[in-house]
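Per the working numbering, the sequence shown runs over residues 7 to 247. Below is one structure, written out as structure tokens; the observations come after it.
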Amino acid sequence: MIQLTNVYCSYDEDDALSQLDLSIAPGEAVAVIGPNGCGKSTLLKLLNGIILAKTGQYRFDGEEVSPKTLKNPIFAKRFHQRVGFLFQNSNAQIFTTSVYDEIAFGPRQMSLSEEDIAKRVEDCLQLLGIDNLRTRVPYHLSEGEKRKVALASVLALNPEVLVLDEPTNGLDPRMKDFLGEVLLSLNKAGKTIICSTHDFHYLPGVFGTALVLGGDHHIARRGSYQELIDDKAFLRSQNII
Ligand SMILES: Nc1ncnc2c1ncn2[C@@H]1O[C@H](COP(=O)(O)OP(=O)(O)OP(=O)(O)O)[C@@H](O)[C@H]1O
Ligand SMILES: [Mg+2]
Numbered sequence: 007m008i009q010l011t012n013v014y015c016s017y018d019e020d021d022a023l024s025q026l027d028l029s030i031a032p033g034e035a036v037a038v039i040g041p042n043g044c045g046k047s048t049l050l051k052l053l054n055g056i057i058l059a060k061t062g063q064y065r066f067d068g069e070e071v072s073p074k075t076l077k078n079p080i081f082a083k084r085f086h087q088r089v090g091f092l093f094q095n096s097n098a099q100i101f102t103t104s105v106y107d108e109i110a111f112g113p114r115q116m117s118l119s120e121e122d123i124a125k126r127v128e129d130c131l132q133l134l135g136i137d138n139l140r141t142r143v144p145y146h147l148s149e150g151e152k153r154k155v156a157l158a159s160v161l162a163l164n165p166e167v168l169v170l171d172e173p174t175n176g177l178d179p180r181m182k183d184f185l186g187e188v189l190l191s192l193n194k195a196g197k198t199i200i201c202s203t204h205d206f207h208y209l210p211g212v213f214g215t216a217l218v219l220g221g222d223h224h225i226a227r228r229g230s231y232q233e234l235i236d237d238k239a240f241l242r243s244q245n246i247i
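Set out below in structure tokens:
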């Protein structure tokens with residue numbers, strides 16, 4: 007479903023991702039792990055088309071994701087409907103004046119009826135236990151509340167692929183545990199999940215695969231999540247623990 011070939015990304019002169027070859031199959035649940043600054047957010051933004059590779063190729067479901075294809079409004083709309091993205095910083099995600107409108111924004115772009123939109127918003131409010139926030143101004147919410155609203159706005163699009171940048175950030179321990187259960191059930195329902203996190207112990211059983219990015223912005227390892235989490239010597243060598 008996702009195929010990156012020899013991708014290189016940089017900001018000005020600084021490397022952010024180097025020589026990245028990666029394929030992710032439909033239904034996979036991948037944890038993206040690595041120390042601060044290794045390129046996790048860059049990779050996830052690349053997968054969502056927010057930033058583009060300087061060199062190399064990104065194919066999604068066989069089609070190239072490039073400046074040219076993203077300029078095609080039909081391709082871009084369909085792509086963003088299929089791939090949902092949760093920003094590491096919720097303030098980068100929220101922009102409307104009510105929680106309801108924030109969650110309804112994506113479904114409205116999909117030209118659903120107001121009745122279907124209301125149902126989706128309601129389902130997401132209930133799922134994340136934030137129905138009491140529906141009339142609040144998103145910018146006035148606490149960081150954890152903003153996080154839940156941002157996540158609800160991603161889920162409201164019902165994307166096939168969920169790209170989540172540190173989704174547990176700002177959540178209290180109980181909500182982190184709950185988020186683990188939500189991700190597990192979404193993956194069981196067939197969603198592909200690609201998620202950066204430092205919160206391994208809150209998300210047991212969610213991930214089948216782990217991708218470790220090293221401080222040199224290369225892939226240090228890709229393999230079984232459980233084996234990797236158990237390999238403390240390797241995690242220490244990569245400055246992860
Ligand atoms: N907008 C930007 N302009 C310049 N450099 C950037 C920008 N965004 C990221 N970088 C640099 O690119 C590298 C990768 O950053 P990225 O945000 O992808 O790391 P990360 O692995 O997500 O880190 P963290 O764990 O802190 O979230 C870092 O060296 C960072 O300083
Ligand atoms: Mg990051």
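From the three backbone atoms N, C-alpha and C, an ideal C-beta is built for every residue, glycine too. Here the structure is a predicted model, which means the values were calculated and not measured.
> Between A156 and ligand 1, is the CB less than 6 Å from at least one heavy atom?
Replying inline: One-based indexing of the sequence shown puts residue 156 at position 150. No, since every heavy atom of ligand 1 falls outside the 6 Å radius drawn around the Cβ of A156.
> Who does I6 pair with in a DSSP beta bridge?
Replying inline: The structure shown has nothing for residue 6, since the chain only spans 7 to 247.
>> Quick check: Y14 and K60, are their CB atoms within less than 7 Å of each other?
In response: Indexing the sequence shown from 1 puts residue 14 at position 8. Indexing the sequence shown from 1 puts residue 60 at position 54. Note that the C-beta distance between Y14 and K60 is below 7 Å.
> Hey, how far is the Cα of K152 from the Cα of I100?
Replying inline: Translated into positions along the sequence shown, residue 152 becomes position 146. Translated into positions along the sequence shown, residue 100 becomes position 94. Cα-Cα distance, rounded: 8 Å.
> Going by the beta-carbon positions, is the gap between V155 and F91 smaller than 7 Å?
Replying inline: As a working note, residue 155 is residue 149 in the sequence shown. As a working note, residue 91 is residue 85 in the sequence shown. No, they are not a contact pair.
>> Am I right that R88 and Q9 are in contact with their C-beta atoms under 8 Å? What's the rounded C-beta distance?
In response: Here residue 88 is taken as the residue at index 82 of the sequence shown, counted from 1. Here residue 9 is taken as the residue at index 3 of the sequence shown, counted from 1. 15 Å between Cβ atoms; not a contact.
>> Quick check: does the Cβ of K194 come within less than 6 Å of any heavy atom belonging to ligand 2?
In response: As a position in the sequence shown, residue 194 is number 188, starting the count at 1. K194: no, Cβ never under 6 Å from ligand 2.
>> For ligand 1, is there any heavy atom lying closer than 6 Å to the beta carbon of K46?
In response: Locating residue 46 in the sequence shown gives position 40, where the first residue counts as 1. For ligand 1, at least one heavy atom lies less than 6 Å from the Cβ of K46.
> Per the contact definition of three or more C-beta pairs closer than 8 Å, is the region 192-210 in contact with the region 29-49?
Replying inline: Touching, per the Cβ criterion.
> Counting along the chain, where does the alpha helix (DSSP H) carrying R84 start and finish?
Replying inline: The residue given as residue 84 occupies position 78 in the sequence shown. 79-88 is the span of the alpha helix (DSSP H), which, as asked, contains R84.
> Does ligand 2 have a heavy atom nearer than 6 Å to the CB of Q244?
Replying inline: Residue mapping note: residue 244 aligns to position 238 of the sequence shown, counting from 1. Not under cutoff, so the answer is no.
> Given that a residue counts as buried once 16 or more other Cβ atoms are within 10 Å of its Cβ, and exposed if not, what is D27?
Replying inline: Stepping through the sequence shown from its first residue, residue 27 is reached at position 21. Under this definition D27 is an exposed residue.
>> Is Q94 close to ligand 2? I mean its beta-carbon at under 6 Å from any heavy atom of the ligand.
In response: Locating residue 94 in the sequence shown gives position 88, counting from the first residue. In this structure, ligand 2 has a non-hydrogen atom nearer than 6 Å to the beta-carbon of Q94.
> For the candidate residues Y208, I123, I57, whose alpha-carbon lies nearest to that of A158?
Replying inline: Here the question's residue 158 lines up with position 152 in the sequence shown. Selected option, being the one with the closest Cα: I123.
>> Could you compute how far the alpha carbon of N97 sits from the alpha carbon of N164?
In response: The residue labelled residue 97 in the question sits at position 91 within the sequence shown. The residue labelled residue 164 in the question sits at position 158 within the sequence shown. Approximately 21 Å, taken between the alpha carbons.
>> Beta-carbon within less than 8 Å of G211's beta-carbon, same chain only, minus the 5 sequence neighbours each way: which residues are those?
In response: Here residue 211 refers to the residue found at position 205 of the sequence shown. G186, L190.
>> Closest to G55 by C-alpha separation, out of P41, V38, P73, N245, would be which residue?
In response: As a first step, residue 55 is located in the sequence shown; it is residue number 49 there, counting from the start. Nearest option by C-alpha distance: P73.
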